Amino acid sequence: MSHLVLLLLQRLDVWLVWASSLCLHPLALAIQLQGSIICLGLALGWAFAAIVRNKELIRIKDGEQSGHSFSFLYSDMNDLEHSVQAKLPRVTIIMPIKGVSEHSESNWRSQLISLYGGPTEFLFVVESKDDPAFKAVSELLLDLQDQVNAKAIVAGFSTTCSQKIHNQLAGISAMHEETKYVLFLDDDVRLHPGTIGALVTCMEQNPKIFILTGYPFDIPSGSLGSYCMFEYHMPCSMGFATGGRTFFLWGGCMMMHADDFRKDRYGMVTGLRHGGYSDDMTLAAVAGANKRLISSPPVAIFFHPLVNNISFSQYWNYLRKQTFVLESYNSYVNWLMNRALFYSHCWLSWSFVLPFAMSAVQLLIFLRHLSGSIYVRHNFHMNGLVFACCHFVCVMIEMASLKHLSRVEIELGNALSPEQKPFSIQSFNWFLVFWALIVDNFLYPVSAVYSHVTQSIDWAGVKYHLRDGKIHRIERKFNESHIESNGDAKAYSSTSKGLLQKHL
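Residue numbering for the sequence shown is -19 to -1, 1 to 485, as defined by mature numbering (1 follows the signal peptide of the UniProt record, and there is no 0).
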């Protein structure tokens, strides 16, 4: 047995020496240097994002210390006067929903119970009455019927676009004629009491804003899959922590002018309805093509508690949905932008991961050197260990910056929702965060290439097929079906279980 172990160690030493020399090639050193620069770039971006969020946190705390106990709602106490609140514009909140998850009801309650002083209407839009969400929402609205102006709308099955977009447009058709602003929310968004008021204030102060957006802060549930989801969002979050203008848009929170939909400005309603898959990517492309402003206020950060026991398959499906949006487009410029994002993200992801493998090789050969391997001792190069140590330092700086931003955003979220049970960064497992950085960046290019090759995705039981960037076929399994080309939700008919295909 000892002879076999010795033979295996000798072969390991030969492989380690070969791998170490390969890692010292100028090209390999350039890749490792690039990985270190990426780590420092992420650290710098998160540091700037923390500064923006922290300014808002300091404002709230200073207001509370000066006696303004509602500073989490408005920075100016005079904005709470009845004369000011009475002049606030009407807002319609549209929430396309499907199914019921672990945190759905608490999220819906946070969306309904708002301290916005102006007139509001809340529209929950489902695809059919058979959706479990319809019953859950109906019971919630019955419980709050004397407190909010809300209703559930059955939009019917989508036939020319994604179900989410179909539900959103159904909400647009049903909104009040005096609505000035429309706010789209995902069902996994946990609003703060002052969110609607803060968004309206930004829109009123700057009428040039085309879309106002925000971003979620994931609360991992403990599994590696949940930490991978958290890690996926965090690099993107720095693009939303600008305190103003941004080029990014998150479909989970979008406030827009209602008249832009009534007038089908820039043909965006037509573009969404006919072949649209991703609402945020489509609208971001419209904003870019027409040089319109997208803005993200520093208070637009929302807690997103992830469900317990997220499996790898659930995480993979989530990642597939994120990469698949790059395959949808509505113009040549939009296609170019998506291709640029596709190649740059894939390159940066694997450029981030490869240096970890190189550093691991250098660490292993150093350990074999310390253990007294004669073959390794004669072929050991200190330069490899130096590069590995430099990379390790850069990773630690990155992790420290990520932890600092997470702490600031958690404190800000707690300050914006003082009535809620506070979240704590103490619950985070930073060892899993580290592994999630590697796993997520390794799998992103795999998912992106798979999405590009297949041009199809299964989303909540509905399979969408793309052609030339637009949905051209929808497949769904059903027990109760209706087919309405105009999207109305009036006709229902019983049928045997089968597969519904709609070719566009």
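Idealized CB from N, CA, C, for every residue including glycine.
Keep in mind the model is a prediction, meaning the values are calculated, not measured.
Do you know whose CA, among 97, 47 and 91, lies nearest residue 63's CA?
For residue 63, the closest of 97, 47 and 91 by C-alpha to C-alpha distance is 97.
Is it right to say residue 36 is buried, meaning 16 or more other beta carbons lie within 10 angstroms of its own, or is it exposed?
exposed
Counting Cβ pairs closer than 8 Å, one from the segment 371 to 381 and one from the segment 14 to 30, do we hit at least three?
yes
Beta-bridge partners of residue 446, as assigned by DSSP
437 and 454
Do you know offhand how far residue 324's Cα is from residue 190's?
30 Å
Of the choices 230, 74, 253 and 197, whose alpha-carbon is the least far from that of residue 132?
74
Span separating the alpha-carbon of residue 176 from that of residue 410:
29 Å
Quick one: what's got a C-beta closer than 6 Å to residue 484's C-beta in the same chain, skipping five residues either side?
In this predicted model, residue 484 has a pLDDT of only 37, less than 50, meaning its place in the structure is not dependable; the value taken from the coordinates is given anyway. For residue 484, where only same-chain residues beyond five positions count, the Cβ hits under 6 Å are 454.
Which listed residue (385, 421 and 441) has its alpha carbon closest to that of residue 333:
421
Reduced DSSP secondary structure (H/G/I, E/B, other) of residue 142:
coil
Of the choices 103, 185 and 435, whose alpha-carbon is the least far from that of residue 156?
103
Cβ-based burial, residue 188 [other Cβ within 10 Å; buried from 16]
exposed
For the segment 48 to 63 against the segment 113 to 128, are there 3 or more C-beta pairs whose distance is under 8 Å?
Under the three-pair Cβ rule at 8 Å, the segment 48 to 63 does not count as touching the segment 113 to 128.
Do the segment 255 to 272 and the segment 363 to 374 make contact, defined as three or more Cβ pairs closer than 8 Å?
no
Where does residue 426 fall in DSSP's three states?
In this structure, DSSP gives residue 426 a helical state, which the three-state scheme calls helix.
Burial state of residue 113 (16 or more Cβ within 10 Å)
exposed
Rounded to a whole number of angstroms, what is the C-alpha to C-alpha distance between residue 56 and residue 44?
When the Cα atoms are used, residue 56 and residue 44 turn out to be separated by approximately 7 Å.
Per DSSP, which residues does residue 199 bridge with? Please list them.
285
Extent of the continuous beta strand (DSSP E) run through residue 513
One cannot answer for residue 513 here, as it falls past the ends of the chain, which runs -19 to 485.
Reduced DSSP secondary structure (H/G/I, E/B, other) of residue 227
strand
Can you give me the C-alpha to C-alpha distance between residue 521 and residue 399, rounded to a whole angstrom?
The first residue shown for the chain is -19 and the last is 485, placing residue 521 beyond what the model contains.
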